[in-house]
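Numbering (our numbering), first residue to last: 22 to 507. Even for Gly, the Cβ is constructed at its ideal location relative to N, Cα and C.
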Ligand code: GLN
C-alpha cells in the first residue's frame with residue numbers, strides 16, 4: 022500500500038471500510054505532514070488537530086459497525102477559510118474578521134460533515150479571495166509545493182498547496198474568477214469550478230455574489246468528483262442554487278471522449294501565452310483526440326473584454342458585500358469613542374491594500390452618474406460573453422484551453438503591479454462571467470519543473486460531461502500522479 026497520505030480517495034475509503042486503516046491513522050498521517058511541512062508552505066491558517074482526531078475516532082466507531090455508511094466516512098478534508106465551520110475561526114485571510122468564530126456551518130461544509138468527512142483545518146487565501154497568488158493574505162503568503170520561491174496561485178492557494186504537498190487529500194476552494202482553476206494549474210492538482218448555482222453559497226463569505234462558486238481541489242478528477250457529488254445540489258438557504266438535479270457522475274475505466282467535439286478557442290492561444298504552456302496544452306488536446314474526440318477551431322469573440330468586465334463587476338459586488346464589516350457586527354473594532362471614527366478606522370486598519378482598492382473601484386463604478394457607464398455597460402458585455410459560450414456549445418461538447426498564461430511566478434513578482442496580477446486571470450474569467458463549469462487538470466511541466474494546467478469548459482450544468490472527459494484524459498496521462506518532493 023502507498024503511504025497513507027498518498028492514497029487516492031477511492032483507495033483510502035476502501036482501506037477505511039476494510040479496516041486496513043482507520044480514520045485516526047489517516048488523520049494522524051495528515052496532521053504529521055502538516056506539522057512537518059506547513060511551517061514552510063503555510064497552507065493552513067488554522068489546524069483543528071484535536072477536533073479532527075475526535076471526529077476521526079467517532080468515524081472509526083461507526084466504521085466498526087456493520088451496514089451502510091456515509092459515503093465519505095472517516096475521510097480528512099481541508100476547507101478554504103472563506104467558508105464557515107461552526108466553532109472554527111473564519112478569517113477570509115483578513116484582519117478585519119479576527120477573531121470571528123461563526124456559529125453555523127456553510128451548507129457545503131454541513132454536507133461534507135453529513136457525508137462523514139473529518140475537517141483538518143482552514144486553508145490560507147488571498148484576503149476575501151481577492152488575488153491570484155495568496156500573497157494578499159493578511160497572515161502571510163502560502164508557498165508553492167513544487168518550488169518554495171514561487172506562489173501556489175490564488176486565491177485558493179492554501180487549498181492547492183495543501184493537496185499538492187500531501188497535507189490534505191482533498192480540499193474545498195472557491196472560484197469567483199479563477200481561484201480554483203488557477204491555483205490548481207500552478208500547483209499541479211485537479212481543480213473543479215462548478216456551474217454557478219450548482220453548489221450552495223450559504224456560509225460562504227461573499228466576494229462577488231453573481232460569480233462566487235464553491236469548488237474542489239484534489240489530486241485526481243475522480244477524487245474531486247466524489248466530494249463534488251456530496252456537496253452539489255439545490256439548497257433552500259441559497260435562492261440562487263438550481264433546482265436541476267445532479268446527473269449521476271459516472272467515471273468508469275474507459276474513455277468517454279469517443280465522438281465528442283472539442284472546441285479549441287483561438288482567442289486563448291495568443292501572444293503572452295508561454296510557449297511551454299502552449300505546447301503542453303496542445304499535446305493534451307492531441308491526447309483527447311487519440312481517445313476518439315474531434316477538435317474544432319472555435320471563436321469566443323468577446324474574450325478580450327472579460328478582464329475589464331470582471332474587474333468592474335467583481336469589485337462592484339465586493340464593495341456592497343464588504344459594507345457589513347463595520348466593526349459593529351463582526352471581528353475587529355478600532356478603539357475610537359466616536360462612532361464615525363470607529364467605522365472609518367476599523368475599515369482603514371482592518372482591510373488590506375488590495376481589498377481597499379477593490380472597494381474604491383467598486384464604489385466608484387456603482388456611484389450615481391457613473392453606474393450606467395461602468396456597471397451597466399459591464400453587465401451588457403457580460404451577456405455577450407455568456408452568449409459566446411452558448412453559441413459555441415450548440416456545436417461542440419467541450420472547450421479545451423490553457424488554464425493560465427504561464428506557470429507559477431516568483432513570490433513578489435507581480436505584487437507592485439495590480440494589472441500584471443489581474444492578467445493572470447485572462448483564461449479563467451470568461452467561464453466565470455458566463456457561469457459555466459470549468460476544470461483545470463495537470464498536463465505537463467515546464468523546463469523548471471513547474472506544473473501546467475489544461476482547462477476544460479462545459480455547458481451550464483454539464484459537470485457530468487466535464488468530469489467524465491477530464492477523468493478520461495487522466496486514464497491515459499500520469500501528470501496528476503506526480504508529487505513534489507518536500
Ligand atoms: N484572481 C481573481 C481576483 O483577484 C479571481 C479571484 C477569485 O476567483 N476569487 O479577483
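Legend entry - Cβ separation of residue 50 and residue 26, assumed to be a contact under 8 Å, to the nearest whole Å: Between residue 50 and residue 26 the beta-carbon gap is near 5 Å, inside 8 Å, which marks them as a contact.
Legend entry - Helix, strand or coil at residue 355 [DSSP, three-state]: Correct three-state label for residue 355: coil.
Legend entry - Distance cut-off 6 Å: residue 196 Cβ against heavy atoms of ligand 1: Inclusion of residue 196 in the 6 Å shell around ligand 1 follows from its C-beta lying nearer than that to a non-hydrogen atom of the ligand.
Inset, instruction - Go ahead and label residue 451 buried or exposed: buried means 16 or more other beta carbons lie within 10 angstroms of its beta carbon, across all protein chains shown. - result: Under this definition residue 451 is a buried residue.
Legend entry - Closest Cα partner of residue 12 within the set 38, 110 and 472: Since the first residue of the chain shown is 22 and the last is 507, residue 12 is not available in this structure.
Inset, instruction - Please determine, among 205, 196, 184 and 128, the residue with the shortest C-alpha to C-alpha distance to residue 223. - result: Nearest option by C-alpha distance: 128.
Legend entry - heavy atom of ligand 1 below 6 Å from residue 151 C-beta: Residue 151: yes, Cβ under 6 Å from ligand 1.
Inset, instruction - Pick helix, strand or coil for residue 412, following the three-state DSSP scheme. - result: It is helical.
Legend entry - Presumed contact (8 Å Cβ cut-off) between residue 382 and residue 336, rounded CB distance: Between residue 382 and residue 336 a beta carbon distance of about 4 Å is seen, short of the 8 Å cut, so the two are scored as contacting.
Inset, instruction - Would you identify the three-state DSSP class for residue 95, choosing helix, strand or coil? - result: DSSP places residue 95 in the coil class of the three-state scheme, outside both helix and strand.
Inset, instruction - Check the C-beta distance from residue 237 over to residue 194 and give it rounded, since I have them as a contact under 8 Å. - result: Confirmed, about 7 Å.
Inset, instruction - Confirm the yes/no value for this check: CB of residue 199, any heavy atom of ligand 1, distance under 6 Å. - result: Between ligand 1 and the CB of residue 199, the shortest heavy atom gap is smaller than 6 Å.
Inset, instruction - Would you check whether ligand 3 has a heavy atom nearer than 6 Å to the C-beta of residue 119? - result: By its list of ligands, the structure shown excludes ligand 3, since it contains just ligand 1.
Inset, instruction - From the DSSP output, read off the bridge partner residues of residue 349. - result: Beta-bridge pairing by DSSP links residue 349 to no other residue.
Legend entry - Residue span of the beta strand (DSSP E) that contains residue 238, given as start and end: For residue 238, the uninterrupted beta strand (DSSP E) run begins and ends at 234-239, by DSSP.
Inset, instruction - Could you tell me the distance, in whole angstroms, from the CA atom of residue 143 to the CA atom of residue 333? - result: Rounded to whole angstroms, residue 143 to residue 333 spans 29 Å at the Cα level.
Legend entry - C-beta atoms of residue 45 and residue 81 nearer than 7 Å: For residue 45 and residue 81, yes; Cβs fall inside 7 Å.
Inset, instruction - Check the Cβ-Cβ distances between residue 47 and every residue of chain D, and say whether any is below 7 Å. - result: Any reference to chain D falls outside this structure, which holds one protein chain only.
Legend entry - Expected contact under 8 Å - CB spacing of residue 199 and residue 446 to nearest Å: Confirmed, about 5 Å.
Legend entry - Rounded distance between the beta-carbons of residue 99 and residue 31, thought under 8 Å: Between residue 31 and residue 99 a beta carbon distance of about 19 Å is seen, past the 8 Å cut, so the two are scored as non-contacting.
Inset, instruction - Using the DSSP secondary-structure output, state which residues sit across from residue 144 in a beta bridge. - result: According to DSSP, which records beta bridges pairwise, residue 144 is partnered with 65 and 101.
Inset, instruction - Give every residue of the same chain whose Cβ lies closer than 6 Å to the Cβ of residue 323, excluding the five residues on either side of it in the sequence, and list them in chain order. - result: If we look at residue 323 and ignore the five residues flanking it on each side, its Cβ neighbours are 405, 406 and 409.
Inset, instruction - Report yes if the C-beta distance between residue 490 and residue 477 is below 7 Å; otherwise report no. - result: It is a contact, given that the beta carbons lie within the stated cut-off.
Legend entry - the region 363-383 / the region 258-271 touching (three or more Cβ pairs under 8 Å): Contact between the region 363-383 and the region 258-271 is absent: fewer than 3 CB-CB pairs across the two stretches fall below 8 Å.
Legend entry - residue 165 classed as buried or exposed, judged by whether at least 16 other C-beta atoms fall within 10 angstroms: By the 10 Å Cβ count, residue 165 comes out buried.
Inset, instruction - Would you check if the region 234-249 and the region 145-155 touch, i.e. whether three or more CB-CB distances between them fall below 8 Å? - result: No: fewer than three Cβ pairs fall under 8 Å.
Inset, instruction - Confirm the yes/no value for this check: CB of residue 427, any heavy atom of ligand 1, distance under 6 Å. - result: Incorrect: residue 427 has no Cβ contact closer than 6 Å to ligand 1.
Inset, instruction - Answer with buried or exposed for residue 458, where buried requires no fewer than 16 other C-beta atoms within 10 angstroms of its C-beta. - result: Buried, by the Cβ-count rule.
Inset, instruction - Report yes if the C-beta of residue 230 is less than 6 Å from at least one heavy atom of ligand 1; otherwise report no. - result: Answer for residue 230: no, Cβ out of range of ligand 1.
Inset, instruction - Give the straight-line distance between the Cα atoms of residue 357 and residue 217, rounded to the nearest whole angstrom. - result: Taking the Cα positions, residue 357 is about 41 Å away from residue 217.
Inset, instruction - Assign residue 87 to one of two classes, buried (16 or more other C-beta atoms within 10 Å of its C-beta) or exposed (fewer than that). - result: That one is exposed.
Legend entry - residue 249 to residue 219 span [Cα, whole Å]: Cα-Cα distance, rounded: 10 Å.
Inset, instruction - Taking all protein chains shown into account, decide if residue 235 is buried (16 or more other Cβ within 10 angstroms of its Cβ) or exposed. - result: Within 10 angstroms of the beta-carbon of residue 235 lie 16 or more other beta-carbons, which makes it buried.
Legend entry - Start-to-end residues for the beta strand (DSSP E) that takes in residue 465: Unbroken beta strand (DSSP E) run through residue 465: 459-466.
Legend entry - Span separating the alpha-carbon of residue 205 from that of residue 279: The straight-line gap from Cα to Cα measures roughly 26 Å.
Inset, instruction - Report the rounded CA-to-CA distance for residue 486 versus residue 479, giving the unit in angstroms. - result: Those two C-alpha atoms are separated by around 7 Å.
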